[in-house]
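**Q** Let me give you the structure first, and then I'll get to my questions.
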Amino acid sequence: MSTHSSETLPPDVEKTNDVKKQRANDTQPPTPPETHEDEEGVPPSTIAPYTLSDDKYRVVLTPDEDPKAFSALRKWTIVLVISSAALCATFASSAASFTEEGLARDLHTVHEVTILSISLYVEGLGLGPLLVGPLSEVYGRNIVYLVSYFLFWVLTFPTTFPPDIATFLVFRFITGFCSSAFLSVAGGSVSDLFVSQKVANPMAVYTISPFLGPVVGPLISGFICQHVDWRWTYRVLLIWQFVTILLLVFLVPETYEPVLLKKKAAKLRKETGDEKYWAPLDRREGSLAHAIMVSCYTPFKLLFYDRMALFLDTWNALILGILYLAFQAFPIIFENGHGFSMQDTGMSFLGIGIGMVAALASQPLWNRFHHYEARKYNGEPPPETRLVMGQVGGVLAPVGLFWLAFTTYPAVPWIVPIIASVPFGAGVYFIFTSTFTYLVVAYRPIAASAMASNSALRSTFAAVFPLFAGQMYDRLGTVGATALLAGLTTLMTPLPFIYYKIGARLREKSRFAVKS
Numbered sequence: 092m093s094t095h096s097s098e099t100l101p102p103d104v105e106k107t108n109d110v111k112k113q114r115a116n117d118t119q120p121p122t123p124p125e126t127h128e129d130e131e132g133v134p135p136s137t138i139a140p141y142t143l144s145d146d147k148y149r150v151v152l153t154p155d156e157d158p159k160a161f162s163a164l165r166k167w168t169i170v171l172v173i174s175s176a177a178l179c180a181t182f183a184s185s186a187a188s189f190t191e192e193g194l195a196r197d198l199h200t201v202h203e204v205t206i207l208s209i210s211l212y213v214e215g216l217g218l219g220p221l222l223v224g225p226l227s228e229v230y231g232r233n234i235v236y237l238v239s240y241f242l243f244w245v246l247t248f249p250t251t252f253p254p255d256i257a258t259f260l261v262f263r264f265i266t267g268f269c270s271s272a273f274l275s276v277a278g279g280s281v282s283d284l285f286v287s288q289k290v291a292n293p294m295a296v297y298t299i300s301p302f303l304g305p306v307v308g309p310l311i312s313g314f315i316c317q318h319v320d321w322r323w324t325y326r327v328l329l330i331w332q333f334v335t336i337l338l339l340v341f342l343v344p345e346t347y348e349p350v351l352l353k354k355k356a357a358k359l360r361k362e363t364g365d366e367k368y369w370a371p372l373d374r375r376e377g378s379l380a381h382a383i384m385v386s387c388y389t390p391f392k393l394l395f396y397d398r399m400a401l402f403l404d405t406w407n408a409l410i411l412g413i414l415y416l417a418f419q420a421f422p423i424i425f426e427n428g429h430g431f432s433m434q435d436t437g438m439s440f441l442g443i444g445i446g447m448v449a450a451l452a453s454q455p456l457w458n459r460f461h462h463y464e465a466r467k468y469n470g471e472p473p474p475e476t477r478l479v480m481g482q483v484g485g486v487l488a489p490v491g492l493f494w495l496a497f498t499t500y501p502a503v504p505w506i507v508p509i510i511a512s513v514p515f516g517a518g519v520y521f522i523f524t525s526t527f528t529y530l531v532v533a534y535r536p537i538a539a540s541a542m543a544s545n546s547a548l549r550s551t552f553a554a555v556f557p558l559f560a561g562q563m564y565d566r567l568g569t570v571g572a573t574a575l576l577a578g579l580t581t582l583m584t585p586l587p588f589i590y591y592k593i594g595a596r597l598r599e600k601s602r603f604a605v606k607s
């Protein structure tokens, strides 16, 4: 996941100025609004200079026009709709795990090929933000939502009724690409709606949605494939997508301030006949093609030249890779080892989901911690304080995996390894939330690219790991293979502790990070 990915982002970052918008929110899963931008949310470098004489024609939103003035009910309705859309996007990635047997049988292929139904979709989730991010900056969030989700729905039909395996796999990649908007752009909608003092809880709800999708996918798919044809998994997905499109059309308005200002300026020019009224987007310089090229190039430049970002991204990628590998590993552990049916195996993922929800429930404690840190540093705590949550997650994830590894024996009651997956699920949430927040704050000038690089690497690992899961578990056994994964996560555990200590010094030497 992305999940966006993806796959989502930190609920506890506060805005230093409520009217500032963050480009990172437009290109990667929910990111906090803390980039260096013009007060209307458009990077200053893209706006042509203007003189004081025409500044009075620069339009602004009245308090009533600001999305933050919506009622609490309307704002939370919007949050729940986009959270459901993000959940659906990552649900589609993992739901394919229990369709593989029917897919191989009906389309005359082998298991190794059917695994690509997950891998290609996840890779699409990772690459999509490189395109939809720049598009959302020019055309707004709402049109990107509607177009991308409509394509997501329409192009799911070839995967529901595929004539052959090649068609199925091609459209799995394309639908993953189309659905990525809700793992990259949607976090910005949350920050558009709430002031800094109230953004933490709605952002937390949105953040966890892409993470729960991979857990809900096999749970529902297991029940469906146990009792009816595997194609019903995708039919249920089609129904969910169609309902979501209707909700987006009727309940989710445009909330991106630069686009609202552009529309208002155009309206004033039409009503008054005076062409002097303008908004920052009217004076945006540079082509869309150039913006997309920069969006594709800068994230990889960051990975090549900044080791701190590279190691944190690799840590995230390893964790997401293991999560997606579980879609192949859990059937081996529970179906082969404990005689579970398909639907029971799907329910075995509940442990991970419970861990994530428990971690989300701890968010008020983390909010208080960060408020304390803000007071301690006179309102400007160093980015490294965001890594404390990652320290907790960095310990919980390997503990859960080691516990899981040594309880996979058939002689051990089946409930024990499921309980063992609870701390792993909590660790996943803490690691991603902490790292996403740190990358956005520490690399604020290029926050969008920092999150794009993280998404690209995460998606690559998530796409590759399921491909070798079967062979690894056949050769090493359930204990050895799971313990190996636990060992790899243990090697990465010191990262948040090390960067908490020396992160400030590393940022001073970095060509991308903010300085202390």
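Quick note, the sequence shown lines up with residues 92 to 607 if you use the numbering used here.
The C-beta atom is built at its ideal place from N, Cα and C for all residues, glycine as well.
(1) Assuming Gly215 and Phe268 make a contact with CB atoms under 8 Å, what is their CB distance in whole Å?
(2) Compute the distance between the beta-carbons of Gly491 and Ser525, then report whether it is under 8 Å.
(3) What residue range is occupied by the uninterrupted alpha helix (DSSP H) comprising Asn407?
(4) Assign Gln332 to one of two classes, buried (16 or more other C-beta atoms within 10 Å of its C-beta) or exposed (fewer than that).
(5) With distance defined between alpha-carbon atoms, name the residue in Val306, Asp404, Leu338 nearest to Arg549.
(6) Near Gln317, what residues of its chain come up, given a Cβ to Cβ distance below 7 Å and the 5 sequence neighbours on each side ignored?
(7) Take Leu143 and list the residues in its own chain whose beta-carbon comes closer than 7 Å to its own, dropping the five residues that flank it on each side.
(8) Would you list the residues sitting across from Arg46 in a DSSP beta bridge?
(9) DSSP on Glu464, reduced to helix/strand/coil?
(10) Can you grab the Cα-Cα spacing for the pair Phe588 / Leu478, in whole Å?
(11) Taking buried to mean at least 16 other C-beta atoms within 10 Å of its own C-beta, is Asp283 buried or exposed?
(12) With a threshold of 8 Å, are at least 3 pairs of Cβ atoms found where one atom belongs to the region 556 to 566 and the other to the region 434 to 451?
(13) Alpha helix (DSSP H) containing Asn233: first to last residue?
(14) Quick one, are the C-beta atoms of Leu329 and Val172 less than 8 Å apart?
(15) Report yes or no: do three or more beta-carbon pairs, one from the region 514 to 528 and one from the region 439 to 447, lie closer than 8 Å?
(16) Is the number of C-beta pairs between the region 186 to 193 and the region 203 to 210 that are closer than 8 Å three or more?
(17) Under 8 Å by Cβ, that's how I've got Leu409 and Phe552 pegged, so tell me the actual separation to the nearest angstrom.
(18) Is it the case that the Cβ atoms of Thr200 and Ile256 are separated by a distance below 8 Å?
(19) Can you give me the Cβ contacts of Ile593 inside the same chain, cut-off strictly under 6 Å, excluding the 5 residues immediately before and after it?
(20) Go ahead and label Tyr396 buried or exposed: buried means 16 or more other beta carbons lie within 10 angstroms of its beta carbon, across all protein chains shown.
(21) For Lys289, does the count of other Cβ atoms within 10 angstroms reach 16, so buried, or fall short, so exposed?
(22) What's the call for Pro371, buried or exposed, on a 16-neighbour Cβ count within 10 Å?
(23) From this set, Leu567, Thr498, Asp197, Gly224, which residue's C-alpha is nearest His381's C-alpha?
(24) Return helix, strand or coil for Phe497, following the three-state DSSP convention.
(25) In this structure, does DSSP put His318 in helix, strand or coil?
(26) Please report the Cβ distance between Thr569 and Ile423, rounded to the nearest whole angstrom; I am assuming they are in contact, meaning their Cβ atoms lie under 8 Å.
(27) Could you please give the first and the last residue of the uninterrupted alpha helix (DSSP H) stretch that includes Pro514?
(28) Would you mind reading off the limits of the alpha helix (DSSP H) that contains Leu198?
(29) Taking the runs of the alpha helix (DSSP H) that are 4 residues or longer, which of them lie wholly in the region 158 to 212?
(30) Which term fits Glu191, buried or exposed, when burial requires 16 or more other beta carbons within 10 angstroms of its beta carbon?
(31) Does Ala357 come out as helix, strand or coil in the three-state DSSP assignment?
(32) Ignore the nearest five residues each way along the sequence and tell me which others in Ala574's own chain have a CB closer than 7 Å to its CB.
(33) Could you work out which residue in Gly219, Asp320, Glu345, Leu242 is closest to Gly279 when comparing CA atoms only?
(34) For Glu348, count neighbouring Cβ atoms within 10 angstroms of its own Cβ and tell me buried if that reaches 16, exposed if not.
(35) Alpha carbons only, please: which of Arg322, Val306, Ala572 is nearest the one belonging to Cys179?
(36) I'd like to check one pair, Val281 with Tyr297: are the Cβ atoms closer than 8 Å?
**A** Reading off the structure:
(1) In the sequence shown, residue 215 corresponds to position 124, counting from 1. In the sequence shown, residue 268 corresponds to position 177, counting from 1. Rounded, the Cβ-Cβ distance is 4 Å, consistent with contact.
(2) As a working note, residue 491 is residue 400 in the sequence shown. As a working note, residue 525 is residue 434 in the sequence shown. Contact: no.
(3) Working through the sequence shown from its first residue, we reach residue 407 at position 316. Looking at the DSSP string, the run of the alpha helix (DSSP H) that includes Asn407 is 398 to 421.
(4) In the sequence shown, the residue the question calls residue 332 occupies position 241. By the neighbour-count rule (16 or more Cβ atoms within 10 Å), Gln332 is buried.
(5) Translated into the one-based positions of the sequence shown, residue 549 becomes position 458. The candidate whose alpha carbon is nearest that of Arg549 is Asp404.
(6) In the sequence shown, the residue the question calls residue 317 occupies position 226. Within the same chain, Gln317 has close Cβ partners Ser432, Met433, Gln434.
(7) Here residue 143 corresponds to residue number 52 of the sequence shown, with the count starting at 1. Unreliable positioning characterises Leu143 in this predicted model, as indicated by a pLDDT of 35, which lies under 50. The coordinate reading is nonetheless provided below. Correct list: empty, nothing qualifies.
(8) Nothing about residue 46 can be reported from this structure: the residues present for the chain run from 92 to 607 only.
(9) The count along the sequence shown starts at 1 and reaches residue 464 at position 373. Helix, per DSSP.
(10) Reading the sequence shown from its first residue, position 497 is the one you call residue 588. Reading the sequence shown from its first residue, position 387 is the one you call residue 478. Going from the Cα of Phe588 to the Cα of Leu478 covers about 8 Å.
(11) Mapped onto the sequence shown, residue 283 falls at position 192. Counting Cβ neighbours within 10 Å, Asp283 comes out buried, since at least 16 surround it.
(12) no
(13) Here residue 233 refers to the residue found at position 142 of the sequence shown. 232 to 245 is the extent of the alpha helix (DSSP H) around Asn233.
(14) Taking the first residue of the sequence shown as 1, we reach residue 329 at position 238. Taking the first residue of the sequence shown as 1, we reach residue 172 at position 81. No, the Cβ-Cβ distance between Leu329 and Val172 is not below 8 Å.
(15) yes
(16) yes
(17) Sequence index remark: in the sequence shown, residue 409 carries index 318 (1-based). Sequence index remark: in the sequence shown, residue 552 carries index 461 (1-based). With 8 Å as the limit, Leu409 and Phe552 qualify as a contact, their Cβ atoms being about 6 Å apart.
(18) For the purposes of this step, residue 200 is taken as the residue at position 109 of the sequence shown. For the purposes of this step, residue 256 is taken as the residue at position 165 of the sequence shown. Yes, these two residues count as a Cβ contact at 8 Å.
(19) On the sequence shown, residue 593 is found 502 positions in, with the first residue counted as 1. Answer for Ile593: no residue qualifies.
(20) Within the sequence shown, residue 396 is the residue found at index 305, counting from 1. It is exposed - the Cβ of Tyr396 has fewer than 16 other Cβ atoms within 10 Å.
(21) Looking up residue 289 in the sequence shown gives position 198. Label assigned to Lys289: exposed.
(22) Position 280 of the sequence shown, counted from the first residue, corresponds to residue 371. Buried is the call here.
(23) As a first step, residue 381 must be located in the sequence shown, where it is residue number 290. Nearest option by C-alpha distance: Gly224.
(24) Within the sequence shown, numbered from 1, the residue matching residue 497 stands at position 406. Correct three-state label for Phe497: coil.
(25) Position 227 of the sequence shown, counted from the first residue, corresponds to residue 318. Of the three classes helix, strand and coil, the one that applies to His318 here is helix, per DSSP.
(26) What you label residue 569 is simply residue 478 of the sequence shown in a count that begins at 1. What you label residue 423 is simply residue 332 of the sequence shown in a count that begins at 1. Correct: roughly 6 Å between the Cβ atoms.
(27) As a first step, residue 514 is located in the sequence shown; it is residue number 423 there, counting from the start. Pro514 -> alpha helix (DSSP H) spans 506 to 533.
(28) By one-based count along the sequence shown, residue 198 stands at place 107. Careful: Leu198 lies outside any alpha helix (DSSP H) and carries neither H nor E.
(29) 163 to 185, 191 to 197, 202 to 205
(30) Counting from one through the sequence shown, the residue named residue 191 turns up at place 100. Buried, since its Cβ has 16 or more Cβ neighbours within 10 Å.
(31) For the purposes of this step, residue 357 is taken as the residue at position 266 of the sequence shown. Reduced to three states, the DSSP call for Ala357 is helix.
(32) For the purposes of this step, residue 574 is identified with residue 483 of the sequence shown, where counting begins at 1. Same-chain partners within the cutoff: Phe493, Ala496.
(33) Position 188 of the sequence shown, counting from 1, holds the residue named residue 279. Ranking the options by Cα distance to Gly279, first place goes to Glu345.
(34) Here residue 348 refers to the residue found at position 257 of the sequence shown. It counts as buried.
(35) Walking along the sequence shown from the start, residue 179 turns up at place 88. Measuring from the Cα of Cys179, the nearest candidate turns out to be Val306.
(36) Here the question's residue 297 lines up with position 206 in the sequence shown. Here the question's residue 281 lines up with position 190 in the sequence shown. Contact: yes.
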